[in-house]
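Per our numbering, the very first residue in the sequence shown carries number 255; after that it's consecutive.
Notes follow once the structure below has been shown.
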Amino acid sequence: MAASRHQQVSDQSGPVIQLAASDQVSEAANLFFSGPRPRSVAVAQFEDLTGARIEGGTSTAVAASGRFLTEYILMRANGNDAYRVLDRAGLNNLLNERRLADQINAFHEAEVVAAAPEMLRDQLAGRVPPAIEMAPLRVSDYLIHGAVVGYDRRLIDNGTGMGIAGVRLRNRASRDQVSVMVQLIDVRSGEIIATGAAAQFIDSSSRGGDIFALVRTDRLLEVEQLNVVNDPATRALFLAIDIALTEMFNDV
């Protein structure tokens, strides 16, 4: 008779990691927009150009959240309301909502004109206050294009192990790297006026061991334990974008 027990443990003892824009990107962005220049910016796109996938799966190795992270950093860095961050990824949705508002306003005007005395209808045409007030959309002065340009696996991949008398110990450590680039484009001229690039490491480590022993002539004992610690890939991407934006604003 054999008794067997397997255990795999993922380390969840560490604190939840909070994402916050650095003082460096705040200083660089506010300095850039502090002069006599237009003060609105939008993130046009943030692509994953690597196509990297997690090992043994189909999910992307890099979170598809670059645009949201970039907009988050820009908003958090804007401590003095030095600039406006505009949405461009959802522009079609905005335009659809504004078309809907135009239709509602047209219907409202038609109702008001139809309910008015006939002699006043011509005078009311085009003069009925809209039911929904819509301010004009702002034109962005600058666009930011960003991309994850590299995901390099196992820049470092080390491991050791030992065993004696049915007892084995092992550990392993590896390091990946994610690289990003950003561009600042002047909407008026289409010129790329600044660029920034940065990379961050993503470390992974595991420690484990197992015991395989004969307890009695008719019974085996097998115990396995594995502890894995992985750096959050989203945090690495966030930090890389933060540093790249700082370099970009300082590059002007």
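From the three backbone atoms N, C-alpha and C, an ideal C-beta is built for every residue, glycine too.
{"Query": "Of the residues Pro486, Leu323, Asp430, the one placed nearest Ile410, counting alpha carbons only", "Result": "Asp430"}
{"Query": "Contact set for Leu374: own chain, Cβ-Cβ below 7 Å, skip 5 residues either direction", "Result": "none"}
{"Query": "Extent of the continuous beta strand (DSSP E) run through Ala298", "Result": "294 to 302"}
{"Query": "Alpha helix (DSSP H) runs contained entirely in the segment 427 to 458, provided each spans 4 or more residues", "Result": "none"}
{"Query": "Meets three-Cβ-pair contact criterion under 8 Å: the segment 464 to 482 and the segment 433 to 443", "Result": "no"}
{"Query": "Endpoints, alpha helix (DSSP H) assigned at Leu493", "Result": "487 to 504"}
{"Query": "Beta strand (DSSP E) segment containing Gly417, residue limits", "Result": "396 to 418"}
{"Query": "Beta-carbon contacts of Phe503 that lie in its chain and below 6 Å, excluding the five residues immediately before and after", "Result": "Ala282, Ala283, Phe286"}
{"Query": "Three or more C-beta pairs below 8 Å linking the segment 288 to 306 and the segment 319 to 326", "Result": "yes"}
{"Query": "Secondary structure of Gln479, DSSP reduced to three states", "Result": "strand"}
{"Query": "Leu328 vs Leu499 beta-carbon contact at 9 Å", "Result": "yes"}
{"Query": "Own chain partners of Val393 with C-beta closer than 8 Å, once the 5 adjacent residues on each side are dropped", "Result": "Ser294, Val441"}
{"Query": "Neighbourhood of Leu491 by C-beta distance below 8 Å, restricted to the same chain and skipping five residues each side", "Result": "Val316, Ala317, Ser319, Gly320, Leu323, Val402, Val432, Val434, Gln454"}
{"Query": "Extent of the continuous alpha helix (DSSP H) run through Arg392", "Result": "Run containing Arg392: none; DSSP gives neither H nor E here."}
{"Query": "Local conformation of Ile327 per DSSP, three classes", "Result": "helix"}
{"Query": "C-beta contact flag for Pro290 and Asp395 at 9 Å", "Result": "no"}
{"Query": "Member of Leu348, Asn412, Asp335, Leu397 whose CA lies at the smallest distance from the CA of Ala427", "Result": "Asn412"}
{"Query": "Glu372 beta carbon near the ligand GDP (any heavy atom closer than 8 Å)", "Result": "Only the bare structure without any ligand can be found here, which leaves the ligand GDP out of the picture."}
{"Query": "Burial state of Asp496, where buried means 16 or more other Cβ atoms lie within 10 Å", "Result": "buried"}
{"Query": "Top-ranked residue by Cα proximity to Thr449, from Gly400, Ala336, Gly305", "Result": "Gly400"}
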